[in-house]
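Chains A and B supply the protein sequences, listed in that same order.
Take 672 as the starting number for the first sequence in my numbering and just add one per residue.
Take 13 as the starting number for the second sequence in my numbering and just add one per residue.
Everything on this sheet refers to the single structure shown next.
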Amino acid sequence: MMRIGLLASIVALLLGAPLVLSGHVVGVLTTALIAVLFAMAFNLLSGRAGMLSFGHAAYFAIGGFAVIHAMQAVEKGLLWLPTPLLPLVGGVAGLIGGLCAGYFATLRSGVYFSMVTLALAELLHAIAPNLGSIFGGEVGLTTMRMPWTSFDYGNEVHVYYTVVAWVVLCIGLLYAYNQTLFGRLTVGVREAERRVSFLGYNLHHTKIIVFGVSAMFSGIAGGLLAFTTESINYSILGMGMSASVVLHTFVGGSGVFFGPAVGAFVFALFGSLVSDMTKNWLLYQGILFVGIMMFMGDGLAMLWLRIVNEFKERNWSALKLRALLLPPGLLVAAGVVTLLELTSRILDQQYAAIVSRTKAWPPVSLYGFNWNPTALATWLVPILAIGAGAGLVFLAISRAGREAAPRAALAGEHAR
Amino acid sequence: MEFIVISALNGLVYGLLLFMVSAGLTLIFGMMGIVNFAHASFYMLGAYLSFTIARISNFWLALLIAPLIVMAAGMFIERFMLRRVHGFGHSQQLLLTFGIAFVFEELVKLFWGNFPVAYRPPPLLSGPAFSLFGTNFPSYRVFVAAVAIVLLGLLYLLLQKTRIGIIVRASVQRPGMVSALGHNVPLVFLGVFGVGAWMAGLAGAVGGALLTTSPTMSGEMSVIAFVVVVVGGLGSLLGAFIASLLIGLLTSFSVGFQVSLADVAQLFGYGEQARQIGGLLTLEISSMSASLPALLMLVVLLTRPAGLMGDRN
Chain A
672 MMRIGLLASI VALLLGAPLV LSGHVVGVLT TALIAVLFAM AFNLLSGRAG MLSFGHAAYF
732 AIGGFAVIHA MQAVEKGLLW LPTPLLPLVG GVAGLIGGLC AGYFATLRSG VYFSMVTLAL
792 AELLHAIAPN LGSIFGGEVG LTTMRMPWTS FDYGNEVHVY YTVVAWVVLC IGLLYAYNQT
852 LFGRLTVGVR EAERRVSFLG YNLHHTKIIV FGVSAMFSGI AGGLLAFTTE SINYSILGMG
912 MSASVVLHTF VGGSGVFFGP AVGAFVFALF GSLVSDMTKN WLLYQGILFV GIMMFMGDGL
972 AMLWLRIVNE FKERNWSALK LRALLLPPGL LVAAGVVTLL ELTSRILDQQ YAAIVSRTKA
1032 WPPVSLYGFN WNPTALATWL VPILAIGAGA GLVFLAISRA GREAAPRAAL AGEHAR
Chain B
13 MEFIVISALN GLVYGLLLFM VSAGLTLIFG MMGIVNFAHA SFYMLGAYLS FTIARISNFW
73 LALLIAPLIV MAAGMFIERF MLRRVHGFGH SQQLLLTFGI AFVFEELVKL FWGNFPVAYR
133 PPPLLSGPAF SLFGTNFPSY RVFVAAVAIV LLGLLYLLLQ KTRIGIIVRA SVQRPGMVSA
193 LGHNVPLVFL GVFGVGAWMA GLAGAVGGAL LTTSPTMSGE MSVIAFVVVV VGGLGSLLGA
253 FIASLLIGLL TSFSVGFQVS LADVAQLFGY GEQARQIGGL LTLEISSMSA SLPALLMLVV
313 LLTRPAGLMG DRN
């Protein structure tokens, strides 16, 4: 019940957002929502069915290109389609592309499956610039949205509401999919492939359909992006897009239904917020991903669920440990960021030019302070922060371990 | 004739370079069962580090030091990162190496900028080695091939003629059994990971000056090295060697071919129709040379998934 309330309030917030937010922020929200849908579609294949795809940008891009072509056809009057329904074309294209690619990719499983998806995407990426009529060459394709009834699609708010409607609808469909028998079968493919085929299901066909459905929703997401930006370029087929959806999904957590959405939303907002401040924002995304993979492999959404659970169980010692770990963790993060930002500012081309001209190292400004790059303290402060933070984390964990150990032993006694 | 000989030589050099990268990748896969997405990052790191060291001191010192630094980085990653998530299964390790590769690419962009750097061969090796059909063959290509062949010989001796080599080969086949016999398998893993990283670093140090040294080099090499490993058969060094040469030759020959599917259709008298359809049919092989490795990998995976020399599926 609480969950429905939470979802309803999120949808209400999304619907109300344009009333209070500026046009720029609405634009950011639009791209964030598209990333959310893409990650959710990707997770159907990679999380639910356990087939890790490293080339999902292909289906996202196929959807995008299909929508651009459809928009061009509508513009020329060759096709009649209400503007808000355009992303549907992306879904159909994604489904067809996914069924074809899925037929080949799902012949293999495990690492081999990942390799085939990667190879297929790379193949498309390498061929695309040579097929000018379909992918628009290096320049890409551009078009215009046509007005529809009272929606003239001239401003970002109209686009935003269309995107919200599509994303909410698609996530609802994905949720419904998981509740069906076939949705359970999808999980079965991940958990016990052999048993699925012993139960009489055609494993290969099942996998192809899952692949196709995932590609279809990815295609809708790609279509929404094309619909929003009114242009598309073959670079969207590249590894960057495939990599970012992997990052989003696993940072959020592939084991929870809304995990990928959380990851995508957090990263998209993080991206737009941090990319204004530093050019190294992708590096921070990568470091965040590696950190999450190493220290909490099941992602942010799972972490949240765990904290909620600990509150419910009144497991104060676990919560205390988390609270104790937070400040030193932030200290380490601050140290790493400071170190990287200082390095990046010193290695900047403009700065290097000044150094070679004046033969001196002028101070660099960061967080409103001037840091002297030749002073030892400049480098010692962030390094000490990292060291102190890491030491405190280690201390807290080992103390918690010592406190928990006798209690666990006692619990074992009782159990016996 | 000239085209064939020059293309064959270029393909051979490129293939040998590919082998230096993919040898470590295939050994690591055979042993630990992980596809190391960060392996091509070692190649990139080797190129950038030796570029910087060569600028400060000289090329030969760079060739010595840069791969050693890469080796240290590789061993750190194995010992403190991959081993940490070992218990969570292969996909977690795969994702972790994926993330590490991502971080490496961004770090390179931070330190050296998001553009290619001018990493050139030393003056001693920038002249022609010999001339064939009036074309000069650069001596740096000969040098790259020589480095790769020496490395190949050393690797062969190490793996086939020493006791360490026997343990390593056995760990590739049956890690559990080797461990049961009392060998320290994690240490063997660490060593192989280090040597693999060292070889990739060396390949980068010599290859960076032959090809381009840019932040995208790891992504491109990554795909090609995967192709080599898959085509050769996962875990098989001989297979990786054959596949490297095969792909080297394929890439260098395809660049020179101005043939399209429409020309093939012409042989059967359907040339005009094919040209009218356009699209894929009029695409020349030369412009598809970047995608040929991926195509080859698909064909091999779908027809002979164990690869040329692999024995497992």
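For each residue, glycine too, the CB sits at the ideal point set by N, CA and C.
Remember, it's a predicted structure, so these values are computed and weren't measured experimentally.
On the premise that His796(A) lies in contact with Val916(A), defined as a C-beta separation below 8 Å, what is that separation, rounded to the nearest angstrom? Against the first sequence, residue 916(A) aligns to sequence position 245. Against the first sequence, residue 796(A) aligns to sequence position 125. With a Cβ gap of about 15 Å, Val916(A) and His796(A) do not count as contacting.
What whole-angstrom Cβ distance do Val218(B) and Val159(B) have, given they're in contact under 8 Å? The residue labelled residue 218(B) in the question sits at position 206 within the second sequence. The residue labelled residue 159(B) in the question sits at position 147 within the second sequence. Yes, they are in contact, since the Cβ atoms of Val218(B) and Val159(B) sit about 5 Å apart, within 8 Å.
Taking all protein chains shown into account, do 16 or more other C-beta atoms lie within 10 angstroms of the C-beta of Leu684(A), making it buried, or fewer, making it exposed? For the purposes of this step, residue 684(A) is taken as residue 13 along the first sequence, with counting starting at 1. Burial call: exposed.
Which residues does DSSP list as the beta-bridge partners of Leu812(A)? The residue you call residue 812(A) lines up with position 141 of the first sequence. Answer is Ile903(A).
Got a sec? Which residues, its chain only, sit under 8 Å from Gly968(A) by beta carbon, not counting five neighbours each side? Residue mapping note: residue 968(A) aligns to position 297 of the first sequence, counting from 1. Nothing meets the Cβ criterion.
Using the C-alpha atoms, what's the distance from Tyr131(B) back to Ser693(A)? Here the question's residue 693(A) lines up with position 22 in the first sequence. Here the question's residue 131(B) lines up with position 119 in the second sequence. Spanning the two alpha carbons is a distance of roughly 47 Å.
Bridge-paired residues (DSSP) for Asn1041(A): Within the first sequence, numbered from 1, the residue matching residue 1041(A) stands at position 370. For Asn1041(A), which the question treats as bridged, DSSP gives the partners Ser1036(A).
Does DSSP classify Trp987(A) as helix, strand or coil? Working through the first sequence from its first residue, we reach residue 987(A) at position 316. Correct three-state label for Trp987(A): helix.
Thinking Gly838(A) and Val707(A) are a contact (beta carbons under 8 Å), I'd like their distance in whole angstroms, please. For this step, residue 838(A) is matched to residue 167 along the first sequence. For this step, residue 707(A) is matched to residue 36 along the first sequence. Reading off the sequence, residue 838(A) comes out as Val, not Gly. So it is a contact: roughly 6 Å between Cβ atoms.
Compute the Euclidean distance between the alpha carbons of Trp987(A) and Ser1069(A), then round it to the nearest angstrom. Reading the first sequence from its first residue, position 316 is the one you call residue 987(A). Reading the first sequence from its first residue, position 398 is the one you call residue 1069(A). So the two alpha carbons sit approximately 17 Å from each other.
Going straight from the alpha carbon of Ile907(A) to that of Val933(A), what length do you get? In the first sequence, the residue the question calls residue 907(A) occupies position 236. In the first sequence, the residue the question calls residue 933(A) occupies position 262. Those two C-alpha atoms are separated by around 23 Å.
Glu90(B) and Phe201(B): beta carbons closer than 8 Å? In the second sequence, the residue the question calls residue 90(B) occupies position 78. In the second sequence, the residue the question calls residue 201(B) occupies position 189. Taking 8 Å as the Cβ cut-off, Glu90(B) and Phe201(B) qualify as a contacting pair.
Cβ shell of Thr225(B) (< 7 Å), same chain only, five flanking positions each side left out: The residue labelled residue 225(B) in the question sits at position 213 within the second sequence. Answer for Thr225(B): Ala59, Tyr60, Phe63, Pro128, Val129, Tyr131, listed in chain order.
is_contact[Gln1020(A), chain B] using C-beta, thresh 8 Å: Within the first sequence, residue 1020(A) is the residue found at index 349, counting from 1. Yes, Gln1020(A) counts as interfacial toward chain B.
Let me check one thing: in DSSP terms, what residues is Pro140(B) bridge-paired to? What you label residue 140(B) is simply residue 128 of the second sequence in a count that begins at 1. Pro140(B) is bridged to Pro150(B).
Should the stretch 885 to 893 of chain A be called in touch with the stretch 756 to 763 of chain A, which here means at least 3 C-beta pairs below 8 Å? yes
Cα separation between Gly23(B) and Phe31(B)? Mapped onto the second sequence, residue 23(B) falls at position 11. Mapped onto the second sequence, residue 31(B) falls at position 19. Taking the straight line from one Cα to the other gives about 12 Å.
Verify whether the separation of the beta carbon atoms of His195(B) and Ile179(B) is less than 8 Å. As a first step, residue 195(B) must be located in the second sequence, where it is residue number 183. As a first step, residue 179(B) must be located in the second sequence, where it is residue number 167. Yes. Within cutoff.
Helix, strand or coil at Thr225(B) according to DSSP, with G and I counted as helix: Counted from its first residue, the second sequence places residue 225(B) at position 213. Residue state, collapsed to three classes: strand.
What does Leu770(A) reach in chain B if we use C-beta pairs closer than 9 Å? Here the question's residue 770(A) lines up with position 99 in the first sequence. Neighbours of Leu770(A) on chain B: none; closest Cβ ~16 Å, over 9 Å.
Buried or exposed for Ala668(A), please, with buried defined as at least 16 other CB atoms from any protein chain shown within 10 angstroms of its CB. Not covered by the structure: residue 668(A). The range shown for chain A is 672 to 1087.
Look at the alpha carbon of Arg95(B) and the alpha carbon of Gly101(B), and state the distance between them as a whole number of angstroms. By one-based count along the second sequence, residue 95(B) stands at place 83. By one-based count along the second sequence, residue 101(B) stands at place 89. Taking the straight line joining both Cα atoms gives about 11 Å.
Between the Cα of Val82(B) and the Cα atoms of Val47(B), Met43(B), Gln105(B), Gly36(B), which residue gives the shortest distance? Your numbering for residue 82(B) matches position 70 in the second sequence. Nearest of Val47(B), Met43(B), Gln105(B), Gly36(B) to Val82(B), Cα basis: Gly36(B).
Just to confirm the assignment: which complete alpha helix (DSSP H) runs, minimum length 4, are found wholly within the stretch 28 to 98 of chain B? 51 to 68, 71 to 88
Going by alpha carbons, who is nearest to Leu918(A) out of Asp947(A), Leu953(A), Phe982(A), Val810(A)? If you number the first sequence from 1, residue 918(A) lands on position 247. Answer by Cα proximity: Leu953(A).
Three or more C-beta pairs below 8 Å linking the stretch 1059 to 1068 of chain A and the stretch 1012 to 1029 of chain A: no
Per DSSP, what are the beta-bridge partners of Val129(B) in this structure? Numbered from its first residue, the second sequence carries residue 129(B) at position 117. DSSP, once it has assigned bridges, lists Thr225(B) as partnering Val129(B).
Using 8 Å as the cut-off, can you tell me whether the stretch 744 to 752 of chain A makes contact with the stretch 863 to 878 of chain A, which would need three or more C-beta pairs spanning the two stretches below that distance? no
Does the structure place the stretch 926 to 942 of chain A close enough to the stretch 708 to 719 of chain A that three or more beta carbon pairs sit under 8 Å? yes
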